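Notes follow the structure.
In our numbering, the protein residues as written are 1 to 988.
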């Protein structure tokens, strides 16, 4: 019994947690645009998260962020102050994206440099080819605010691991992974899990001070990115490894070794140490190697990967409940929840089970994972053969617990404070997670409104609607509490998913907050999706999820039911078929998507049983369809009476450049004005209180004619009037005569400065975001004084502006060499990898079949998604229009693999171009071209006869798919709005 301590002489020395984590990051230099800095620092309240964690660790000074925008400012700042970490978010438009980091490393080699890049296929390719010698770590920004916290903890763990292990035996979790994309996702999961578990276990101290100190003993996480680094870390900490998580394929001796993880596992097993090992692989066939190593296996392609990882760590690394099993049947005998539970049940554990768990160090690991180092170290040092019998082992464990609990025990109470939101509030949050894309944009634009008070005029106030964001952690709690993931990740249809989500319960703590919220809000409420990936850089999710509107009800419990159902319906939309298809198209994993929800008062006025604003709009700082003396950089706006859904759905709007508000093409001739004016609008139905929400988020919206608006009196200040007797259009509203939505009083007569405001917001927003932007807004006139109005900013999101150089003048390319040629092009760059073209056959085209054509395109697109190929898509009318008479009503996921989309006008089907309204964000982010051709009026060229001569891969009643052996090269000159699709060389 030489290993068993003598309790008469044993005095537990309390762990000196105060001496742990001594090396900290106090100052972080952030090299990024103002928008990127805001997104990192305020999204998900990262500053607040870090502050809370530092407070919980009994540290007085959380890291301070200093933001600079370029290398020169960074070097100046580094001379003035000490920094422990540099985080660089490079501009992906620059030729050498790591140039600043390399230069800084020369002068300050001892400071860790972390590079954050946005995730996209193009960015990944660029990073792979770069010299990363000056970079300590490269991470991929996935819109998850927890990544920044994980980066700081990883660097700090690296700084403190050796000292803390030597001091008290702090444990190490080793992650072996070389994929930037994957460890950027895995590390936040790991840190969140470890910190949560540490918080849970720290309740075993006597007071708050001891609890906060206790968390310093949490396991450290080390990241190895190749075989040699993994072996070095393992050898250095082999006696203090809590567990290992390893990929199967990574670099070994300078080359990619598909079996490196297996070989590393063999190396670990040969030491004879009993260490939990989790093997990960994208190939399920590698499970046999995990079994050979007596390791757990996780399929990296699994939709439930984060849950799988959490489960394996919980089971194997000593976290969570301690499951006592019968070693012969492998069945659970009992479950140990905490230290007190173990103390109570230790004498009930059978001998064979006790031998099994002691011989595998499960008891010491139970203590180590909870930072209970004194009993953990003693139990680890006692071999099972040292005990004369298992009664002695039980007594030892019992006595260790009793002695330890004399030092440690605690509880903590979290107080949730409500009643913060009142009629003077403008922006609030519920929860501690991320705000999501829309929430992030709203928060950012709210700070802009505050920084630029001169935007507002006496008669034209600029604001954002009163808003509350339910953060992503509430979504996590909702999904896990109701056990919805199995259904949500299945192939169930959208209606089934929505039905089950509506049956589920929101977290109880949310109910009182919702009641307080709608007691303050006097107007209808918009419930808008705000996902992690939505509207983030290079990750366009605009229009994929749902937005509901609900009227304000006097009966508060009915209001609560309606609002709760709307929130649950937005949550459900994450898992709809279109969302999953879009995830596949963007190489994202559905399990990494999390949903925040924006609750926002709807801008507008009540007119009897309906509610809508005077007008809504979308504006972009880049205009790809400039006319006259307009320039691309002057921006473009589309405005329309009523709710903004009309614009997004591709309805007829008034289009103008904010810097040229008098230059309105639609009002340039009477025929044009009469033909191209808005005739319908959307309003919220205040009487449609559906018992059940629909997957159609417009189920309670009314699509009305202008006559209804005229009856409401909402047209008086935004219209012109057609006088049929004098055959002229008169500025302003006059009784009788057809009303034309011209906004003449606003744009021509400057009743209030809409154009000036839009120009200022777009220019400043673009400067602060560091890239072109798109905004959504609504304007409501004061019913008592129409000369006054309030301008509400509803959303802002970045647009990626490609800057590839076209060295030739595409006007000189002869039509004979092209399949397509257009002088009205959205997009920029050259693509030499497209071999396919799908086109709507014009000979038999009839717009009454547009819905059927959309179904056929969706089927063909699915094949291209599976094959990971792209194509050119050509068809008449407005792609994506909800009005099937104006175009083919596809959604983005149905055409997501199109590299070029072409609106081709016909002699008998003349529809004005849509500019890809709803798809604009998707088009620019993916670099997709959008051509407009009208060959019947010599505006562009489409050689359909040439295509008809080629053999078809597939031909349906309405579509034809042609594939060429050689590529059909796509060239787009976005600055001059020119584009061509070249004929391949081998065809006739």
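Glycine included, each C-beta is placed from N, C-alpha and C at the ideal position. Computed from a predicted model, the values in this text were never measured in an experiment.
Is the CB of residue 261 under 8 angstroms away from at least one CB in chain B?
The structure shown contains no chain B, having only a single protein chain.
Other residues of its chain near residue 289: CB distance less than 6 angstroms, five sequence neighbours each side excluded:
Taking the chain shown and counting its residues from 1, one reaches residue 289 at position 289. Here the set comprises 262.
Residue from 456, 276, 650 and 234 with nearest C-alpha to residue 760:
Reading the chain shown from its first residue, position 760 is the one you call residue 760. The shortest Cα separation from residue 760 among 456, 276, 650 and 234 belongs to 456.
If you check the beta carbons only, do residue 243 and residue 371 fall under 8 angstroms apart?
Counted from its first residue, the chain shown places residue 243 at position 243. Counted from its first residue, the chain shown places residue 371 at position 371. No, the Cβ-Cβ distance between residue 243 and residue 371 is not below 8 angstroms.
Quick one: Cα of residue 416 to Cα of residue 549, how far?
By one-based count along the chain shown, residue 416 stands at place 416. By one-based count along the chain shown, residue 549 stands at place 549. Its pLDDT being 26, under 50, residue 416 is placed unreliably in this model, and the value from its coordinates should be taken loosely. Taking the straight line joining both Cα atoms gives about 28 angstroms.
Helix, strand or coil, according to DSSP, for residue 954 in the structure here?
Indexing the chain shown from 1 puts residue 954 at position 954. Looking at residue 954 - three-state DSSP - the assignment turns out to be strand.
So, helix, strand or coil for residue 733, using DSSP?
Along the chain shown, one-based indexing puts residue 733 at 733. In the three-state reduction of the DSSP assignment, residue 733 falls in the coil class, being assigned neither a helical nor a strand state.
Whole angstroms are fine: how far does the CA of residue 498 sit from the CA of residue 601?
Position 601 of the chain shown, counting from 1, holds the residue named residue 601. Position 498 of the chain shown, counting from 1, holds the residue named residue 498. Whole-angstrom Cα-Cα distance: 24 angstroms.
Give me the Cα-Cα distance between residue 632 and residue 647, rounded to the nearest whole angstrom.
Mapped onto the chain shown, residue 632 falls at position 632. Mapped onto the chain shown, residue 647 falls at position 647. Going by the C-alpha atoms only, they are around 21 angstroms apart.
Applying the 10 Å Cβ sphere with the 16-neighbour rule, what's the burial state of residue 414?
Position 414 of the chain shown, counted from the first residue, corresponds to residue 414. Only weak support exists for where residue 414 lies, its pLDDT of 23 falling under 50; the coordinates are left without a value.
For the stretch 780-799 against the stretch 812-830, do three or more pairs of beta-carbon atoms, one drawn from each stretch, fall closer than 8 angstroms, so that the two count as touching?
no
At which residues does the beta strand (DSSP E) containing residue 961 begin and terminate?
If you number the chain shown from 1, residue 961 lands on position 961. From DSSP, the beta strand (DSSP E) with residue 961 extends over 959-963.
Look at the Cβ atom of residue 187, then the Cβ atom of residue 142, and state whether they are nearer than 8 angstroms.
As a working mapping, residue 187 is identified with position 187 in the chain shown. As a working mapping, residue 142 is identified with position 142 in the chain shown. Not in contact: residue 187 and residue 142 (Cβ atoms no closer than 8 angstroms).
Go ahead and pull the three-state DSSP assignment for residue 540.
Translated into positions along the chain shown, residue 540 becomes position 540. Low local confidence applies: a pLDDT of 39 at residue 540 is under 50, so the model's placement there is unreliable, with the coordinate-based value given in what follows. Coil.
Near residue 762, what residues of its chain come up, given a Cβ to Cβ distance below 8 angstroms and the 5 sequence neighbours on each side ignored?
As a first step, residue 762 must be located in the chain shown, where it is residue number 762. The residues are 619, 620, 621, 635, 658, 773 and 775.
Is it right to say residue 918 is buried, meaning 16 or more other beta carbons lie within 10 angstroms of its own, or is it exposed?
Numbered from its first residue, the chain shown carries residue 918 at position 918. Model confidence at residue 918 stands at a pLDDT of 46, short of 50, so the residue's coordinates are unreliable; what they give is reported in the following sentence. Looking at its Cβ environment, which holds 16 or more other Cβ atoms inside 10 Å, residue 918 is buried.
Report buried or exposed for residue 803, applying the criterion of at least 16 other Cβ atoms within 10 angstroms of its Cβ.
What you label residue 803 is simply residue 803 of the chain shown in a count that begins at 1. Residue placement at residue 803 is flagged as unreliable, the pLDDT there being 43, under the threshold of 50; the coordinate-derived value follows with that caveat. Classification of residue 803: exposed, given that the 10 Å Cβ count is below 16.
Residue range of the alpha helix (DSSP H) that includes residue 515
As a first step, residue 515 must be located in the chain shown, where it is residue number 515. Residues 508-520.
When you compare each of 284, 161 and 234 to residue 249 by their alpha carbons, which one comes out closest?
On the chain shown, position 249 is the one that residue 249 refers to. Of 284, 161 and 234, the residue nearest in Cα terms is 284.
Alpha carbon to alpha carbon, what distance is there between residue 487 and residue 304?
The residue you call residue 304 lines up with position 304 of the chain shown. The residue you call residue 487 lines up with position 487 of the chain shown. Their backbone Cα atoms lie some 12 angstroms apart in a straight line.
Taking its Cβ as the centre, do 16 or more other Cβ atoms sit within 10 Å of residue 675, making it buried, or is it exposed?
Within the chain shown, numbered from 1, the residue matching residue 675 stands at position 675. So residue 675 counts as exposed.
Check whether the stretch 971-979 and the stretch 948-959 touch, using three or more Cβ-Cβ pairs below 8 angstroms as the test.
no
If we ignore side chains and look at the alpha-carbon of each, how far apart do residue 505 and residue 479 end up?
Your numbering for residue 505 matches position 505 in the chain shown. Your numbering for residue 479 matches position 479 in the chain shown. Using only the alpha carbons, I get a separation of about 10 angstroms.
With a threshold of 7 angstroms, establish whether the CB of residue 765 neighbours any heavy atom of the ligand HEM.
This structure lacks the ligand HEM; in fact it carries no ligand of any kind.
Could you tell me which residues DSSP pairs with residue 600 in its beta bridges?
Position 600 of the chain shown, counted from the start, is the residue given in the question as residue 600. According to DSSP, residue 600 bridges with 467 and 526.
Within the stretch 609-677, ranges of the alpha helix (DSSP H) (whole runs, at least 4 residues)
645-648 and 670-675
Could you tell me which whole beta strand (DSSP E) segments of length 3 or greater appear in the stretch 764-811?
773-782 and 785-798
Neighbour-count burial assignment, residue 856, 16 or more Cβ in a 10 Å radius:
As a first step, residue 856 must be located in the chain shown, where it is residue number 856. Buried, by the Cβ-count rule.
Within the stretch 260-336, note down every full alpha helix (DSSP H) run reaching 4 residues or more, in order along the chain.
260-270, 287-292 and 305-316
Terminal residues of the alpha helix (DSSP H) in which residue 491 lies
Position 491 of the chain shown, counted from the start, is the residue given in the question as residue 491. It is not in any alpha helix (DSSP H) - residue 491 carries neither H nor E in the DSSP assignment.
Are residue 472 and residue 427 touching if we call contact CB-CB under 8 angstroms?
The sequence position of residue 472 within the chain shown is 472, counting from 1. The sequence position of residue 427 within the chain shown is 427, counting from 1. Result no, Cβ atoms of residue 472 and residue 427 do not sit closer than 8 angstroms.
Should residue 951 go down as buried or exposed, given a rule of 16 or more other Cβ atoms within 10 Å for buried?
Working through the chain shown from its first residue, we reach residue 951 at position 951. It is exposed - the Cβ of residue 951 has fewer than 16 other Cβ atoms within 10 Å.
Buried/exposed call for residue 438, threshold 16 Cβ in 10 Å:
Translated into the one-based positions of the chain shown, residue 438 becomes position 438. That one is buried.
Give me the Cα-Cα distance between residue 843 and residue 490, rounded to the nearest whole angstrom.
The residue you call residue 843 lines up with position 843 of the chain shown. The residue you call residue 490 lines up with position 490 of the chain shown. Whole-angstrom Cα-Cα distance: 42 angstroms.
Per DSSP, cross-strand counterpart(s) of residue 942
Start at 1 with the first residue of the chain shown, and residue 942 comes out as number 942. Per DSSP, 820.
Three-pair Cβ contact test at 8 angstroms for the stretch 685-700 versus the stretch 723-731
Contact between the stretch 685-700 and the stretch 723-731 is absent, because fewer than three Cβ pairs lie under 8 angstroms.
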